[in-house]
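Note that the working numbering has the sequence shown beginning at 687, numbered continuously upward.
By construction, the Cβ of each residue, glycine as well, lies at the ideal position given by its N, Cα and C atoms.
All figures in this text were calculated on a predicted structure; none of them were measured in a lab.
Below: one structure, written as structure tokens.
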Amino acid sequence: MAADDTGAGQAADAPSRGRRRRAWGWVALIVAIVVVGIGIALIPIQQWQEKDALDPDHPGPTGGMALAELLRGQGVDVEIVRNREDAMAASTDGTLVINDTSLLSDADLSELIGSAQSAVLIDPSSRDTRITFGDGETSLYAGTADAAAEPACDLPAAQRAGGVQPGLIWQQGSADTACYPVGSSFGLLSGDTAGAEVVLVDGTRLFDNEHLAHDGNASLGIGLLGTADELVWYVPSPGDVDETLAPPTLGDLTPLWLSPAIVLAGIAAVACGIWRGRRFGPLVAETLPVTVRGSETLEGRARLYQRTGDAAHAADLVRRGAIARMAVRLGLHLGAAPEEVANAAAARIGANRADVAAIFEHRPTTDADLAEFGNRIRDLEAAVDAAVRTERKTL
């Protein structure tokens, strides 16, 4: 009857365990969906954080805080604005510095440049070159760390700064002044556009915190941005984006039939899982193999050695195990030689070193001799243990 009761209890527990496993499966699925959703939501934030290049409030290697502080130290009033309307209103009497222009339309950029007396584009694109000086051909300067380009122009700021290593270089186009020639292109363009004096220079390689101290970068930055008492440093924000330039969203690109089809496929997958899952039935408990105790294994090996009559091999195993255990108790390393262990044990228990070494060196040949050897090893280990415990109690 007891066996029947046990079987009935296991059968009753099996369905509940199956339900718990299925519930945990749904929980894991929901958690995975939430994690993926959070990761997708953070992608735009991470992408926008990359826009911190040359931000005057950003102290990192790609920021522009060092140059902004240098300008303030020269008596320039640096005003940082982060929307286009404020930049247009504040830049009428001073120099306007524009970071990344990718959020602005052509008309917005032209209007913004025209609102200032002078404008410096420190992260210009090919489009900016086309709008300002009528040439959009851009290439990357391939100079080396010890080969700076010289100004080769009459722009005062460039002449004072001397050689620099420009990043992007452009064709001169309609620019009045072109400095830092590299082949047929230039690392700095200057000229009149929409009634304002406009300068194009790749500040990401010259004016960020990491490169500002190289060559004449700091002098060039102060000379270009510090021409007036007031400097408006405009850092475009997502609110300045022209809706006509905004890339299409995932919803705009998705066909109308795709969302209902995905929902229908999901419902079908869930229904199929439930349908197929029920056919397997509840899990059945299975008795696992019994774990064999270590003492039984030891006794079995001992019987094998007894049958073979190999007393020397059995004694060697006993000797090696005892030496390893006593080495640990005596503070020696695990691979200590028998002579080291014998010396340490004799010193610890106050015995004769030769007597202790004789125990280790004895080679039994009969079963009786092996038993006597085992007793002597055991007594030696017990004496070492007692000595170690006594020393620990007195500390």
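### Task
Compute the Euclidean distance between the alpha carbons of Asp1071 and Arg1015, then round it to the nearest angstrom.
7 Å
### Task
Take Ala844 and list the residues in its own chain whose beta-carbon comes closer than 8 Å to its own, dropping the five residues that flank it on each side.
Pro837, Cys865, Tyr866, Leu874, Leu906 and Gly909
### Query
Comparing alpha-carbon positions, which option in Gly912, Gly1060 and Asn895 lies nearest Gly1007?
Gly1060
### Message
Is the separation between the beta-carbon of Ser785 and that of Asp743 shorter than 8 Å?
### Response
The residue you asked about is not Ser; residue 785 is Asn in the sequence shown. Not in contact: Asn785 and Asp743 (Cβ atoms no closer than 8 Å).
### Message
For Phe872, list the residues DSSP reports as bridge partners.
### Response
Trp856 and Pro867
### Query
How would you label Ser870, buried or exposed, when you count the other beta carbons within 10 angstroms and need 16 or more for buried?
exposed
### Message
Using the three-state DSSP reduction, which class does Val783 fall into: helix, strand or coil?
### Response
strand
### Query
Taking the alpha-carbon positions, what's the Thr815 to Gly877 distance?
11 Å
### Task
Can you have a look at Val970 and say buried or exposed, based on whether 16 or more other CB atoms are within 10 angstroms of its CB?
exposed
### Task
Can you say whether Val850 is buried or exposed, counting buried as having 16 or more other CB atoms within 10 angstroms of its CB?
buried
### Three-state secondary structure assigned by DSSP to Pro1024
helix
#### Entry: In chain order, each beta strand (DSSP E) run of at least 3 residues that lies wholly inside the segment 1028 to 1062
none
### Task
Classify Ser796 as helix, strand or coil using the three-state DSSP reduction.
helix
### Query
Which residues in the same chain as Ile1035 place their Cβ atom closer than 7 Å to its Cβ, once the five residues preceding and following it in sequence are excluded?
Ala1069, Val1070 and Ala1073
### Query
For Asp792 versus Ile817, is the C-beta distance shorter than 8 Å?
yes
### Message
Using CA atoms only, rank isn't needed, just tell me which of Ala1031, His999, Asn1038 and Ala1033 is closest to Asp1053.
### Response
His999
### Query
Thinking C-alpha only, which one of Val806, Ala880, Thr890 and Pro810 is nearest Val918?
Val806
### Query
When burial is assigned at 16 or more other CB atoms within 10 Å of the CB, is Ile1063 buried or exposed?
buried
### Query
Using the C-alpha atoms, what's the distance from Gly952 back to Cys958?
10 Å
### Query
Exposed or buried, which one is Thr890 when buried takes at least 16 other CB atoms within 10 Å?
buried
### Task
Output yes or no for whether 8 Å exceeds the beta carbon distance between Pro745 and Asn895.
yes
### Nearest-angstrom Cα separation, counted from Gly749 out to Val762
19 Å
### Query
Would DSSP call Ser804 helix, strand or coil?
strand
### First and last residue of the uninterrupted alpha helix (DSSP H) at Ala971
Note, Ala971: premise wrong, no alpha helix (DSSP H); not H, not E.
### Task
State the DSSP-derived secondary structure class of Asp878, mapped to helix, strand or coil.
strand
### Task
Output the distance between the C-alpha atoms of Asp1065 and Pro975, rounded to the nearest integer angstrom.
38 Å
### Proximal residues to Glu1026 (C-beta, below 7 Å), its chain only, five neighbours per side dropped
Leu1018
### Message
Quick check on the burial criterion: 16 or more other C-beta atoms within 10 angstroms. Buried or exposed for Ile716?
### Response
exposed
### Query
Which one of Thr879, Ala882, Glu883 and Val887 has the shortest CA to CA distance from Ile872?
Note that residue 872 is Phe in the sequence shown, not Ile. Of Thr879, Ala882, Glu883 and Val887, the residue nearest in Cα terms is Val887.
### Message
Let's see if you can read the secondary structure: which residues bound the alpha helix (DSSP H) around Glu916?
### Response
It is not in any alpha helix (DSSP H) - Glu916 instead sits in the beta strand (DSSP E) that spans Glu916 to Tyr920.
### Message
Suppose the cutoff is 7 Å on Cβ atoms and the five residues either side in sequence are ignored; what does the same chain contact list for Ile1045 look like?
### Response
Arg1062, Ile1063 and Leu1066
### Query
Would the beta-carbon of Ala1069 be found less than 7 Å away from any heavy atom of the ligand COA?
Ligands are entirely absent from the displayed structure, and the ligand COA is therefore not among its contents.
#### Entry: Ile799, buried or exposed, once every other Cβ within 10 Å from all chains shown has been counted against 16
buried
#### Entry: Minimum length 3: unbroken beta strand (DSSP E) runs contained in the segment 739 to 789
763 to 767 and 781 to 786
### Query
Does the distance from the CB of Asp1022 to the CB of Val1042 come in under 8 Å?
Per the sequence presented here, residue 1022 reads as Ala, with Asp not at that position. Contact flag unset, no.
### Query
Do you know how far the Cα of Ile766 is from the Cα of Thr787?
16 Å
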